[in-house]
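2 protein chains.
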Amino acid sequence: MKMKDDILNLARRAKDASHSLSRLSSMTKNKVLIRMAEGILQNAPSLKRENERDLRAAREKGLSKALIDRLTLSDKVINTMASGIQEVAALPDPVGEVVRMWKRPNDLLVGKVRIPLGVITIIYESRPNVTADAACLCLKSGNAVILRGGSEAFHSNQAIAEILRKALAEEGITPDAIQMLSTPEREAVYELLELEDYIDLVIPRGGEELIRAVAKNSRIPVIKHYKGVCHIFVDESADFSMAERIIINAKVQRPGVCNALETLLIHKAIAKDFLPRIVRALEENGVEIRGCPGVRDLIPRLREAQDKDWHEEYLDLILSVKIIAGVEEAIGHITAYGSSHTESIITSSYQNAQRFLKEVNSSVVLVNASTRFNDGNQLGLGAEIGISTTKLHAFGPMGLEELTTCKFIVYGEGQIREL
Amino acid sequence: MKMKDDILNLARRAKDASHSLSRLSSMTKNKVLIRMAEGILQNAPSLKRENERDLRAAREKGLSKALIDRLTLSDKVINTMASGIQEVAALPDPVGEVVRMWKRPNDLLVGKVRIPLGVITIIYESRPNVTADAACLCLKSGNAVILRGGSEAFHSNQAIAEILRKALAEEGITPDAIQMLSTPEREAVYELLELEDYIDLVIPRGGEELIRAVAKNSRIPVIKHYKGVCHIFVDESADFSMAERIIINAKVQRPGVCNALETLLIHKAIAKDFLPRIVRALEENGVEIRGCPGVRDLIPRLREAQDKDWHEEYLDLILSVKIIAGVEEAIGHITAYGSSHTESIITSSYQNAQRFLKEVNSSVVLVNASTRFNDGNQLGLGAEIGISTTKLHAFGPMGLEELTTCKFIVYGEGQIREL
């Protein structure tokens, strides 16, 4: 009962804060952000002390080296966090933008204007720098935020949030605009997910299990980022060296991320020439290949792909490869097995490029470019708060604009409705 | 088990249909729509026969006259339904529109393109003409639709859907694009609301109870239209005759709809002069008034407003009236008691007009115009499929555009990602 009341109170304070936040000028928001970046840099020693408490606990629990790396606030991570905040300050403010304005036959002047969503809850896992990134994007877009980080980063997250809240208070803004849910019980999150009258959006950032659990238990709208089973289709007319460069980049540069390549489709007319070349290049980069029967006819020593391989997000140096009849079959395979994340065609055919762009309805569809470009920064949205693979509200990388909605405004001169 | 399989099959067929629908040209969609309108007109006699079966059952059950009115497919309703479809055919097709296109420093050309959402489920109550309206808006925006009408309109809805499906088939389009969920059990709806892999959006249209039940039970995103507690604030500098004309229009023209006026706020400096005048005009139009203590000081015979009156959507000839200190208190009252639907200020003050437009974050905010303009047709969006009072994806009247989302397309020349 006590916890339930605490959570309700926290959400109410966030809602109250959101009303004043929505009215802040861009100048004020930018001033606070600059102050936050300074606060992070000035408090680096105490941040590292708090981080050390989390790291000690993580080592005692025997967490993996990869997890401990993600948890560590090194000087480099702290500097990147501060410069990330400065970059958000430099981005244009989406709030108040008049997206469009038009006149009606009765002379009403009607416009659509961007406004903040209100209160956003972000639920995330180990990296403590997400605390600063997410809070600053919410502030810049005029939203109050309730943060819920992973328990393994508890002390680091609290320390970062306190620096951000102090900067708010110093500029005369209520620190309720950035709140950290600190009760350790998982029940607390479920309580929060019930409060649809106070919270407008939930963004889970982390593994598929976390996202599914949040989506299942939330009464509040959730923006979901499920897996990225990304495809590249090498068409008959592809430039082989371009195809090789793009495939190696998409698969090898950072195999553990959602926009990395997972399935390669090759046109049957070029398989005999292109397959040995790309297999060699991939294997030189340590990639394990799982092929369809057509692939294994040409290179029998390769491992056979099972049906589940076509659904798989490896997040590792593994690639499934299939030989297909052409662009139509490529689109069919992507529709059947893809996850609506990112797909690219390598081609010199105008018709096939246009057809692929038109008929593949993934969040990012590319011609002659790496799937690794599905990223808010790379596509020019500025910092990103996540990538949505469902179509409601946002689809693909989400920047500041995606943390807003539009209201209609109407300038009248006494008009009334006739019918 | 049988039902569960049937529902899953229906949703799967809708998903399959959605892929081909998303690729239809505007010309083909418009041809089908024109054929549908003709089909409705040509089959008027059989539509009325099927409707008579529903009406007979309704009379036997003793449904209210208002409900029976809404259920009746008169010649007039049938003609309006057909011309509504023709109007949808005449609207611009949102699918394929390139909303924006920009170039990145590495010469990637990036664009945002509108695509359909996929499969939309619409759950609605008694009016059978919603069957045609909703199905045609979904078709025009390239979406497959699963319709679930009220049981009291069962035969009418089936007959309308059959005409629409026949038109699809005659143009070589799979009739799975428009499906009617005809199992009478309420359980069938709950099954449907679980199928997030096949259905992209649920729109409930009807009373608050229906909407809350759908929102509570859905794993699929829901666009909600909760109540409309709409306000007009008459500022100190308002033109009295303009204020009177707008208030009477907003309250009286159609009191049973969501954009009708429910609470009137009057600046205290003009209350003594304006209140008697507007009370007289309202009472002449049959409106019952519930006033705050300040109102009753001036006109003691008026009924007293209780706290719950400020939250109430009367949908009837009743109006709550409050005297307040100025624009700041008006905005505060609307923030505390409003439902984010529609609010209007009547004023001659430039500053107060701009402040009201900026600080009131309802879906439609007006200056010197009737709240009744919160409507897709009136604001120039063409036909509307509903009004959203929550901020995700759409806020305010939803036209064809709101039944789409945007994907990113990228024209490259071999670019790979450096970092």
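Residue numbers (the numbering used here), protein chains in the order written: chain A, 1 to 419; chain B, 1001 to 1419. Backbone N, C-alpha and C define an ideal beta-carbon position, used for all residues, glycine too.
- Look at B:S1141: its C-beta is not under 8 angstroms from any C-beta on chain A.
- Interface flag for B:V1367 against chain A is set, since a Cβ pair is found closer than 8 angstroms.
- When the Cα atoms are used, B:D1107 and A:L317 turn out to be separated by approximately 29 angstroms.
- Between the alpha carbons of B:W1102 and B:N1051 lies a distance of about 53 angstroms.
- Beta-carbon to beta-carbon, A:L195 and A:A11 are separated by about 5 angstroms, close enough to satisfy the 8 angstroms threshold.
- For A:S320, no CB of chain B lies under 8 angstroms from its own CB, so it is not counted at the interface with that chain.
- Residue contact check for B:R1212 against chain A: no CB pair falls below 8 angstroms.
- Looking at the DSSP output, B:F1356 shares a beta bridge with no other residue.
- Leaving aside the five residues that flank B:E1244 on each side, the residues in its chain whose CB is nearer than 8 angstroms to its CB run, in chain order, R1277, I1278 and A1281.
- In the structure shown, B:K1407 adopts extended strand secondary structure according to DSSP, grouped into three states.
- Take B:A1135, set aside five residues on each side of it, and the residues of its chain with a beta-carbon closer than 6 angstroms to its own are V1145, L1164 and I1178, in chain order.
- Contact note: A:G396 reaches chain B through K1407 and F1408, using a C-beta cutoff of 7 angstroms and chain order.
- Nearest to A:L379 by C-alpha distance, out of A:M398, A:L201 and A:T121, is A:M398.
- At least one C-beta of chain B is nearer than 8 angstroms to the C-beta of A:K216.
- Shortest Cα-Cα distance from B:I1085 to any of B:E1284, B:T1131 and B:D1069 involves B:T1131.
- Residues of chain B with a Cβ closer than 8 angstroms to the Cβ of A:G380 are, in chain order, W1102, R1104 and V1110.
- Across the structure, B:S1064 and B:L1033 are spaced so that their CA atoms are roughly 34 angstroms apart.
- DSSP places A:Y350 in the helix class (H, G or I) of the three-state scheme.
- Interface annotation, A:I115: in contact with chain B, CB-CB separation under 8 angstroms.
- A:G376 sits in a helix when the DSSP states are folded into three classes.
- DSSP places A:V234 inside the beta strand (DSSP E), whose first and last residues are C230 to V234.
- Residue environment for A:M36: buried (at least 16 other C-beta atoms within 10 angstroms of its C-beta).
- When the five nearest sequence neighbours on each side are left out, the beta carbons in the same chain lying within less than 6 angstroms of the beta carbon of A:T174 are those of A17, in order along the chain.
- In the DSSP assignment, A:Y337 falls within the alpha helix (DSSP H) that extends over V327 to Y337.
- Contact check for A:I120 against A:P204 fails: the beta carbons are separated by 8 angstroms or more.
- Taking 3 residues as the shortest admissible run, the stretch 146-229 of chain A contains the following complete beta strand (DSSP E) segments, listed from N- to C-terminal end: 178-180 and 201-205.
- At least one CB atom of chain B sits nearer than 8 angstroms to the CB of A:Y411.
- For B:T1404 and B:R1114, the gap between their C-alpha atoms comes out near 6 angstroms.
- A distance below 8 angstroms between beta-carbons, with the five flanking residues on each side excluded, links B:S1348 to the following residues of its chain, in chain order: D1235, S1237, A1238 and D1239.
- Taking C-beta atoms as the reference points, B:M1027 and B:E1187 fail to come closer than 8 angstroms.
- Here the stretch 296-305 of chain A does not lie against the stretch 333-347 of chain A, with fewer than 3 beta-carbon pairs under 8 angstroms apart.
- Per DSSP, B:L1073 has no beta bridge partner at all.
- Looking at the backbone, the Cα of B:E1402 and that of B:A1305 are separated by about 38 angstroms.
- Taken in chain order, the complete beta strand (DSSP E) segments of 3 residues or longer contained in the stretch 107-146 of chain A are 109-116 and 119-124.
- Judged by DSSP secondary structure, A:L10 falls within the alpha helix (DSSP H) whose first and last residues are K2 to L21.
- Taking 3 residues as the shortest admissible run, the stretch 1257-1294 of chain B contains the following complete beta strand (DSSP E) segments, listed from N- to C-terminal end: 1261-1267 and 1288-1291.
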